[in-house]
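Each number in the numbering used here comes from the position in the sequence shown (counting from 1) with 29 added on.
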Amino acid sequence: MGTIQEQRRSDQEIGMPFFLKIKKRRNYIMMKKVVVVIKPEKLTDVKHILEAHKVSGLMISNIMGYGNQKGFTQKYRGNELNSNLLPKIKVESVMPEEVVEKVTKDIVNTVRTGEFGDGKIFISPVEEAIRIRTGETGKDAL
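Rendered as structure tokens:
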């Protein structure tokens with residue numbers, strides 16, 4: 030496929046904007062973005078699963094939120110405080126489509142306790158990935 034710089038040069042020669050060239054390419058391997066929202070104590074388990082499936086990159090964020098749990102009540106200096114936001118961890122990773130089912134099954138089987146607050150997994154398509162340093166695209170950029 031060549032580097033991005035080579036693609037840009039050839040695109041400029043034929044007058045086609047670079048971003049349209051990316052959209053026209055359809056011979057790439059489908060990728061998926063997997064977002065996992067879990068309890069903080071389950072992060073190590075999820076990281077081990079991603080490593081076991083050779084998923085090479087991930088982003089981790091501390092977040093606050095609620096779903097069916099609806100928060101909790103606690104006492105602070107004699108007063109009851111209601112908090113409807115609970116600490117969660119969001120793990121995001123882009124991976125080849127062929128490993129998504131195995132990864133998500135393993136995460137569900139490992140993280141599930143059957144209680145409210147176990148978390149959620151969101152999966153969405155990724156059209157393209159570009160490694161800025163090298164210009165690699167598609168699966169090679171992961």
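Backbone N, C-alpha and C define an ideal beta-carbon position, used for all residues, glycine too.
Query	Result
Span separating the alpha-carbon of glutamate 156 from that of asparagine 113	36 Å
Residues sharing a beta bridge with leucine 115, DSSP	Gly94
Glutamate 157 (DSSP reduced to helix, strand or coil)	coil
Under the three-state DSSP convention, the category lysine 71 falls into	helix
Buried versus exposed, by CB contacts within 10 Å (16 or more), methionine 193	No information on residue 193 is available, as it lies outside the stretch 30 to 171 that the chain covers here.
Exposed unless 16 or more other CB atoms sit within 10 angstroms - verdict on lysine 13	Summary: the structure shown does not reach residue 13, with the chain confined to residues 30 through 171, and so no result is reported for it.
Bridge partner(s) assigned by DSSP for isoleucine 150	Val65
Glutamate 121, DSSP secondary structure in three states	strand
Straight-line gap, valine 66 to lysine 76 (C-alpha atoms, nearest Å)	13 Å
Three-state secondary structure assigned by DSSP to threonine 142	coil
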